[in-house]
Amino acid sequence: MHGAKQRPAAAHPGQWVLIAPEAATDFPESPDSEPLFTKLRNPSTGEATLYLFNSGAQQLFEVKAFHEENRSWFIGQTVQQDGRLLFVTPMDPLFLLLYYLIKADKEQQGKFQPLDQVVLDSDYPNCPLLLKCADVKQYIHHITEVKEIGSQKFHKYSQEKTLKWLKKKVNQTVKALKSNNITVGERVYAATFISSKQITDTEEDYVRYAHGLISEYIPEDLSKELLKYLGLPELKSPAAEPPLKKRKLSDGPVEAEEDYTKFNSSNLKTKKANSKMSAAQKALAKVDKTGMKSISAFFSSKPKASK
């Protein structure tokens, strides 16, 4: 069993926070006073995913669960059966905003709108808190076109800007992979079922692997566009080898003009009959039957004597 660590008042950017999952429910609902665990729409799948806002909702964190069997927590004077560990890491909120920006761009046909009218979701009422994050205010221009009318700003999704921004993310990821001496070549080929005895980490391998990591936070269509923007061809697994041909019953080819009625000959019937005979029947068939009457002769009617 584990003792739950005391949670900090706020999670700082770049810091890993380790807490018990049951303790997450103790946080108040007000984002202005304490950290807030809440479900938001996953930017890649659109499904509910757990995230964390720090005090004042200035920073967004991704929450990942690590689970092992036979683990529990001491919390106060109680024992909680759920022994999962929650790993909390900083998350760029622009990834989550992309879902709403792309959706609005399709529905409103590219019209400029205030962000507070775009980032609305009845299924996830806390999603407007994303707009309070400092990164959104500072970097929203990386994924949108912006127009200012008076003191109000209007935005619309820009795929061109977004791809440029995502490419920077890929390059930053490549740099981090290299600086930490992480081998990626085998992982890239294993993901596409391409076998190779000697795999070396090329620049393309790093870029492709980084693209895969970034793709976990963007829609599939945008991931494909990013792949093209990076100049990477799609990896295709080798074509499946055709099944082995069955051995023919004869060495010669069977032609369509051949007389197929020969397969109904008496010889073929005899062979089939012999194949079904028992060992005793086969031995009896080899006995010399000269002068012997068939068994049916004993049951046939006797010829009448002539008067």
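Under the working numbering, the first residue of the sequence shown is numbered 79, with each subsequent residue one higher. Positions of the beta carbon are idealized from the N, C-alpha and C atoms, including for glycine. Every value quoted in this text rests on a predicted model; they were computed, and no experiment measured them.
State the DSSP-derived secondary structure class of residue i, mapped to helix, strand or coil.
| i | result |
| --- | --- |
| I97 | Any reading at I97 must be qualified, since the residue scores a pLDDT of 48, below 50, and its modelled position is unreliable; the value itself is stated next. Strand, per DSSP. |
| T251 | helix |
| P113 | coil |
| D170 | coil |
| T240 | helix |
| V157 | strand |
| V262 | coil |
| L138 | strand |
| A318 | At A318 the pLDDT is 45, less than 50, meaning the model places this residue with poor confidence; the figure from the coordinates comes in the next sentence. Coil. |
| G309 | coil |
One question on the structure: do residue i and residue j come within less than 8 Å of each other, judged by their Cβ atoms?
| i | j | result |
| --- | --- | --- |
| S236 | E223 | yes |
| L241 | E303 | yes |
| H219 | L172 | no |
| L130 | F144 | no |
| V197 | L175 | yes |
| V141 | L164 | yes |
| K234 | Q191 | yes |
| I296 | P121 | yes |
| C211 | Q136 | yes |
| D279 | T261 | yes |
| V166 | F139 | yes |
| G161 | E146 | yes |
| D213 | D170 | yes |
| V248 | I292 | yes |
According to DSSP, residue i sits in a beta bridge with which residue or residues?
| i | result |
| --- | --- |
| H233 | Q191 and V224 |
| A126 | R119 |
| L163 | F144 |
| field | Stretch pair the region 304 to 311 + the region 278 to 293: three plus CB contacts closer than 8 Å | value | yes
| request: Kindly confirm or deny that the region 198 to 216 and the region 242 to 254 touch, where touching means at least three C-beta pairs closer than 8 Å. | output: no
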